[in-house]
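Engineer: Using the working numbering, you'd call the opening residue of the sequence shown number 5 and step up by one each time.
Yeah, the Cβ is synthetic: ideal placement off N, Cα and C, and Gly gets one too.
Sending over a structure as structure tokens; questions will come in a sec.
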Amino acid sequence: FYMGDTDEIFEHGDKAILYVELDGGAPAYARILIELKPPVGAPLTVERVVPPNLADQVVVLG
5 FYMGDTDEIF
15 EHGDKAILYV
25 ELDGGAPAYA
35 RILIELKPPV
45 GAPLTVERVV
55 PPNLADQVVV
65 LG
């Protein structure tokens, strides 16, 4: 976890970093959708659009 308590449960107010590496990259304006499904509880969907000038480095998409 990036910020929060020290247990292994993601709770309200906790923050984490989600690192995704796409083999072969992704074209400009491609829609990236990631769904995190915990064993119990509701899934969390993270959706972003690839910027037109994506660098060959780490890019924070929000």
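Does DSSP classify residue 22 as helix, strand or coil?
Structural biologist: Locating residue 22 in the sequence shown gives position 18, where the first residue counts as 1. Residue 22 falls in the coil class under three-state DSSP.
Engineer: Start and end of the beta strand (DSSP E) containing residue 51?
Structural biologist: As a first step, residue 51 must be located in the sequence shown, where it is residue number 47. First-last of the beta strand (DSSP E) with residue 51: 48–53.
Engineer: Return the residue from the list 19, 44, 25 and 57 that minimises the CA-CA distance to residue 38.
Structural biologist: Position 34 of the sequence shown, counted from the start, is the residue given in the question as residue 38. Closest by alpha carbon: 25.
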